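Per my numbering: the sequence shown = residues 727 to 819.
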Amino acid sequence: MARASARHILVPTEEECLSLKKRIEAGETFAAIAGQYSKCPSGRQGGALGEFRPGQMVKEFDEVVFSGEIGKVLGPVKTQFGYHLIEILSRVD
């Protein structure tokens, strides 16, 4: 069965999400940005969510993690919780 490992940054607005994505693309580390800005408790671990299977995360999040490019910062992804930047660390199909 498919499984993936990812980390994310959760913020309340699309604008903030886009701004943080630009900072990461300019060379700041994903983990440092997550620790400083993410509204999810996982921010304290650099946004790490550990390993999970399809259906364990909300639909919009799952769709990106189980189809997106590994190692690239993806998003903004809007869910009921806010806007996410997602980095897929690994995936086994």
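Using N, Cα and C, we set each Cβ at its ideal position, and we do this for glycine too.
Owing to the predicted nature of the structure, the values given are computational and were not obtained by experimental measurement.
Just the Cα atoms here: how many angstroms apart are residue i and residue j?
i           : j           : result
residue 758 : residue 727 : 32 Å
residue 893 : residue 816 : Shown here, the chain extends from 727 to 819; a query on residue 893 therefore has no answer.
residue 798 : residue 814 : 7 Å
residue 772 : residue 765 : 12 Å
residue 756 : residue 806 : 22 Å
residue 789 : residue 782 : 11 Å
residue 786 : residue 810 : 10 Å
residue 754 : residue 760 : 11 Å
residue 795 : residue 729 : 14 Å
Drop a sphere of 10 angstroms on the beta-carbon of residue i, count the other beta-carbons inside from all chains shown, and report buried for 16 or more, exposed for fewer.
i           : result
residue 802 : buried
residue 776 : exposed
residue 818 : exposed
residue 791 : buried
residue 732 : buried
residue 752 : exposed
From which residue to which residue does the beta strand (DSSP E) around residue i run?
i           : result
residue 730 : 729-737
- prompt: How about the region 777-794 and the region 735-750: do they share at least three Cβ pairs that are nearer than 8 Å?
  reply: no
message: Which complete beta strand (DSSP E) runs does the region 742-797 hold, if anything under 3 residues is left out?
response: 774-778
message: With three or more beta-carbon pairs closer than 8 Å as the criterion, would you say the region 734-742 touches the region 789-809?
response: yes
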